[in-house]
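Below is one structure, written out as structure tokens, with a few remarks after it.
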Amino acid sequence: MFDYLRAECYKVIHRKYIPGFLIVMFLCEGLLVSGWIFTNARGNNIGFSTGAGVMASMLVIGFYCTILTGDMIFSDQYKFNTLKNEVSFGLPRARIYVGKLIVECLLALALCAVVLAFYLGLCWITLPHNPELDGAAMSAVAYCLQVALPLWLGAQAFLNVLYFLIRSSTICSFIAVGIFMGAGEILKLLGALVHPFFQTLYTCMLTTPLEQAVQGGGDQALFLHACVVGLCWFVFSTAVGLVLFQRKEIN
Numbered sequence: 006m007f008d009y010l011r012a013e014c015y016k017v018i019h020r021k022y023i024p025g026f027l028i029v030m031f032l033c034e035g036l037l038v039s040g041w042i043f044t045n046a047r048g049n050n051i052g053f054s055t056g057a058g059v060m061a062s063m064l065v066i067g068f069y070c071t072i073l074t075g076d077m078i079f080s081d082q083y084k085f086n087t088l089k090n091e092v093s094f095g096l097p098r099a100r101i102y103v104g105k106l107i108v109e110c111l112l113a114l115a116l117c118a119v120v121l122a123f124y125l126g127l128c129w130i131t132l133p134h135n136p137e138l139d140g141a142a143m144s145a146v147a148y149c150l151q152v153a154l155p156l157w158l159g160a161q162a163f164l165n166v167l168y169f170l171i172r173s174s175t176i177c178s179f180i181a182v183g184i185f186m187g188a189g190e191i192l193k194l195l196g197a198l199v200h201p202f203f204q205t206l207y208t209c210m211l212t213t214p215l216e217q218a219v220q221g222g223g224d225q226a227l228f229l230h231a232c233v234v235g236l237c238w239f240v241f242s243t244a245v246g247l248v249l250f251q252r253k254e255i256n
């Protein structure tokens, strides 16, 4: 397993995908902060606490980034028959599946750390400070990030299932966006109009705990709920993916 993980890490590190992704993210963050600098120069007062607070509300983007990190590792392997070559070479399918999932999660965590550190560092250097507000903002960011991490890992495991079982990466992306963007809102609406059972399902969606954390829920119960939801998605997705991938014909 270690040799397989090392090989997957070597492949993804030497791709141009990661630098391109980081450049785009850094540019977007730079444009956002530049807008605040521009307005501050004309009498506005947007401080570091505001910038940090905006970052907390943008953590939901992490769900959509799992689509990219999954694609960075899987990389159209059905299209180019590289997955077939790995199986034909004699590698156990469980090792292939779990190995790619581990590397996806490690890559996602590393990119998350770099992107968030760049944004907060840029805000810290360029925006005015208020020690009291800054402390409260960073506490809120830390809490929201704490809630988001297990949910992101659950989302990454879900994307891994899609990439392994569906030949088209485009279809995988559309399914994931539909789940992350629309499924929760539909269930919440059905819970209000049809039956409370749908409201229960809504609380089990990956995006729900993070939405509640951003809206101001700062208790430990919400964090534990996020851990349970993320763990259930991770374990269930991985179990389903392993079983179905073992039976899948690769041609």
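Counting with the numbering used here, you get residues 6 to 256 for the letters of the sequence shown. Virtual Cβ for every residue (Gly too), placed ideally from N, Cα, C.
| query | result |
| --- | --- |
| Residue range of the alpha helix (DSSP H) that includes residue 134 | First-last for residue 134: undefined, no H or E at that position. |
| Same chain only: Cβ atoms within 7 Å of residue 123, ignoring 5 sequence neighbours per side | 31, 34 |
| CA nearest to the CA of residue 79, picked from 115, 18, 165 | 165 |
| Residue range of the unbroken alpha helix (DSSP H) whose run includes residue 235 | 225 to 252 |
| Where residue 204 falls: helix, strand or coil (DSSP) | helix |
| C-alpha gap between residue 153 and residue 53, whole angstroms | 21 Å |
| Three or more C-beta pairs below 8 Å linking the segment 210 to 220 and the segment 188 to 195 | yes |
| Neighbourhood of residue 104 by C-beta, 7 Å cutoff - its chain only, sequence neighbours within 5 removed | 6, 9, 10, 13 |
| Check: residue 152 C-beta below 6 Å from any heavy atom of the ligand MG | You won't find the ligand MG in this model; it holds no ligand whatsoever. |
| Per-residue burial, residue 251 [other beta carbons within 10 Å of its own, 16 or more giving buried] | exposed |
| Cβ pair residue 246, residue 185 closer than 7 Å | no |
| Residue 14 - DSSP class collapsed to helix/strand/coil | helix |
| Per-residue burial, residue 134 [other beta carbons within 10 Å of its own, 16 or more giving buried] | exposed |
| Contacts around residue 119, its chain only, beta-carbon distance under 7 Å, and the 5 residues preceding and following it disregarded | 27 |
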